[in-house]
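Comments concern the structure below.
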Amino acid sequence: MSTRSFTTYEPTEEHTFDINEETFRLNKSVPGAVLLDFLGNASTDDAGAMATVLTSLFKEAIHEDDYDRFIAFTRERQNNVDLETLAEIAGYAAEKLSGSGKATQSPDTW
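Counting from 1, position 71 in the sequence shown corresponds to residue 931 in the working numbering; the numbering is continuous, with no gaps.
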């Protein structure tokens with residue numbers, strides 16, 4: 861029988877993003893399943909599915925102390941937060957919180 865053990869990455873950096881000089885913090889990580897959902901639906905033509913997956917990613921990625929303020933900010937008409945901006949924020953969050961490049965075991969040790 862063959863067994864392989866995996867160790868998850870340990871987030872060390874804190875990340876933020878700004879919209880119109882308003883700063884929002886990201887959590888240090890998001891659940892892997894949320895990232896898979898995002899990646900699986902990122903280029904869908906189904907606007908409803910895209911909205912659901914973006915909402916899920918934002919809920920997990922944006923720091924709990926900033927999440928309600930972020931949602932309120934995006935709902936304010938005068939802030940002009942469009943779909944392109946939301947997609948860019950989602951991409952940034954997924955990139956920063958995916959653990960990419962932070963593996964604790966390198967392939968040459970397998």
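Virtual Cβ for every residue (Gly too), placed ideally from N, Cα, C.
Under DSSP, L886 takes part in a beta bridge, and its partners are I922. Within the region 900–954, the alpha helix (DSSP H) runs of at least 4 residues that lie entirely inside it are, in chain order, 907–921 and 924–935. The three-state secondary structure of F877, taken from DSSP, is strand. Ranking T883, R864 and N887 by CA distance to the CA of A954 puts N887 first. E874 sits close to R885, with the two beta carbons spaced by under 9 Å. Around the Cβ of E920, a 10 Å sphere holds 16 or more other Cβ atoms; the residue is buried. When rounded, the separation of the alpha-carbon atoms in D906 and T872 is 35 Å.
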